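Counting from 1, position 24 in the sequence shown corresponds to residue 75 in this note's numbering; the numbering is continuous, with no gaps.
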Amino acid sequence: MGQSLSRIYIHAVFGTKGRRPLIGEKIEKELHAYIIGILKNLESPSLQINSMPDHIHILFLLSKNYSISEIMQIIKKDSSKWMKSKGYNDFSWQIGYGAFSVSQSQVNKVINYIKNQKEHHKKVSLKAEVEQLMIKYNVDKYSREFFWS
């Protein structure tokens with residue numbers, strides 16, 4: 052009898068449409084909990100989640116039964132509907148996302164990075180952060196014009 056196993060850590064980052072600051076302190080913890088529930092239902096448990104008013108970081112284990120694109124589509128669609136149900140009628144996520152594999156040896160470092168987003172962004176803008184992530188993860192197909200338009 053065969054067995055399929057995987058342990059793939061994903062660091063996902065995506066922003067609100069137009070980078071509008073819509074994730075306030077009043078709703079962020081509930082939003083995080085809602086997304087954690089989505090990931091649990093998709094057999095992709097979250098390890099860390101944190102947001103700023105205009106973007107979110109999630110570290111999760113990728114299920115062997117769903118693709119990254121399926122998971123990202125479901126997270127964004129369902130959490131956007133949920134935000135609207137909470138009265139954030141203008142809420143939506145940007146079209147794209149970043150999803151990067153993380154080695155086991157770097158998991159704790161990424162967890163701390165995500166935990167400390169509030170402090171991090173006192174020194175580093177979202178634009179600078181995205182540029183740093185593209186370099187760190189060696190993304191060569193990054194289109195600045197598309198991402199920031």
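By construction, the Cβ of each residue, glycine as well, lies at the ideal position given by its N, Cα and C atoms. Because the structure is a prediction, the values reported are computed rather than measured.
So is residue i buried or exposed if we call it buried at 16+ other beta carbons inside 10 Å?
i    : result
L113 : buried
A63  : buried
V161 : buried
L110 : buried
I59  : exposed
I186 : exposed
G66  : buried
K80  : exposed
Q99  : buried
If you follow the beta strand (DSSP E) that residue i is part of, which residue opens it and which one closes it?
i    : result
N101 : S97 to M103
Y60  : I59 to G66
Could you give the residue range of the alpha helix (DSSP H) that holds residue i?
i    : result
V175 : Segment: none, V175 is in no alpha helix (DSSP H) and carries neither H nor E.
L93  : Note, L93: premise wrong, no alpha helix (DSSP H); not H, not E.
From the DSSP output, in three-state form, read off residue i for me.
i    : result
S136 : helix
I146 : coil
S200 : Because S200 carries a pLDDT of 48, less than 50, the predicted location of this residue cannot be relied on, and the following value inherits that uncertainty. The answer is coil: DSSP assigns S200 none of H, G, I, E or B.
L110 : strand
S156 : helix
Y188 : coil
Since residue i and residue j are thought to touch, with beta carbons under 8 Å apart, how far apart are those beta carbons, to the nearest angstrom?
i    : j    : result
N101 : K166 : 6 Å
S131 : S143 : 5 Å
W133 : Y85  : 5 Å
Q168 : H108 : 6 Å
I87  : K137 : Actually they are not in contact, since the Cβ atoms of I87 and K137 sit about 16 Å apart, beyond 8 Å.
H106 : L177 : 6 Å
Q155 : K68  : So it is not a contact: roughly 34 Å between Cβ atoms.
Output needed for residue i: all residues of its chain with C-beta closer than 8 Å, excluding positions within five of it in sequence on either side, in chain order.
i   : result
S55 : K115
Could you pull out every residue in the same chain whose Cβ sits closer than 7 Å to the Cβ of residue i, ignoring the five residues on either side in sequence?
i    : result
A150 : I61, A63, I119 and M123
So, at 6 Å on beta carbons, what are the nonlocal neighbours of residue i in its own chain, with the 5 sequence-adjacent residues on each side left out?
i    : result
H172 : M103
V153 : Y60, H62 and V161
S200 : Low per-residue confidence applies at S200: pLDDT is 48, beneath 50, and the placement is therefore not dependable, though the value from the model is reported in the following sentence. Excluding residues within five positions, none has a Cβ falling inside 6 Å.
I74  : S102 and P104
E121 : none
Y193 : M185
For chain D, check one thing: does any of its Cβ atoms lie closer than 8 Å to the Cβ of residue i?
i   : result
A63 : Among the chains of the structure shown, chain D does not appear; only one protein chain is present.
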